[in-house]
Amino acid sequence: ARFLKATTREGFGKNLFRDWRYENDNDQQPKKDFVLNNPTYTGKILVAGKNFGCGSSREHAAWAIAGYGFEVVVSSFFADIFRNNALNNFILPVIVSDDFLQKIFAAVNENTKAQLEIDLPNQFIKILSTGEQENFDINPYKKECLLNGYDDIDYLLSLEPEIKKYEQNLQN
């Protein structure tokens with residue numbers, strides 16, 4: 686909450702999980718045991734525990750995740766407000782079963798360089814080392830926006846030819 690004074694999304698990535706990542710609020714000394722401080726773990730996919738985003742009702746949480754460089758967050762449950770804020774900020778929240786989430790964690794524990802494939806057009810996530818995959822749901826409108834890089838206004842502008850055609854039909 687102490688970082689919510691800004692009204693633009695710049696600079697939030699450096700404070701992602703701030704209290705967990707650093708020894709205290711006054712310095713930049715990273716905690717050695719926090720996963721994001723371990724250079725072994727890299728990538729654009731954040732694999733999180735169940736109920737991720739609970740209590741993160743402000744858009745700033747999504748700004749911080751995107752600012753850090755994550756493009757996808759995988760969990761077995763997301764708080765609704767967080768999920769919508771993530772989608773509105775071009776972060777794909779992938780909901781998987783508890784069982785599949787545990788398989789992902791097991792794959793990463795076995796090999797810290799384990800890779801996941803996220804296929805948005807076909808709506809599946811795959812653990813590449815095992816070949817196991819699971820489908821995920823996404824709102825068709827938000828899927829179209831993510832695939833085309835549209836925010837809500839861009840989406841409406843993409844419909845301009847159909848809107849003009851509809852208006853012409855009304856006048857005839």
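In this text, residue positions in the sequence shown follow the numbering used here: the first is 686, and each later residue adds one. C-beta: ideal position from N, C-alpha, C; glycine also.
Going by beta-carbon coordinates alone, are I780 and A751 separated by less than 8 Å? no
The beta strand (DSSP E) enclosing V758, as first and last residue numbers: 757-760
What is the rounded straight-line gap between the Cα of T815 and the Cα of Q787? 13 Å
I need the boundaries of the beta strand (DSSP E) containing E852, first residue and last residue. Careful: E852 lies outside any beta strand (DSSP E), inside the alpha helix (DSSP H) at 845-856.
Answer with buried or exposed for P778, where buried requires no fewer than 16 other C-beta atoms within 10 angstroms of its C-beta. buried
Considering only C-alpha positions, which residue in the set E795, I848, N736 is nearest to I766? N736
With three or more beta-carbon pairs closer than 8 Å as the criterion, would you say the segment 807-821 touches the segment 844-855? no
Answer with buried or exposed for L832, where buried requires no fewer than 16 other C-beta atoms within 10 angstroms of its C-beta. exposed
Should G738 go down as buried or exposed, given a rule of 16 or more other Cβ atoms within 10 Å for buried? buried
Spell out whether any CB of chain B is found under 8 Å from the CB atom of D718. In the structure shown, chain B does not exist; there is a single protein chain.
Would you please state the rounded distance, in angstroms, between the beta carbons of Q808 and N820? I believe it to be under 8 Å. 6 Å
Compare the Cα-Cα distances from H745 to each of A733, K798, L772, D822 and report the closest residue. L772
For I812 versus L805, is the C-beta distance shorter than 8 Å? no
If we require 4 or more residues per run, which alpha helix (DSSP H) segments fall completely within the segment 770-840? 783-795, 825-833
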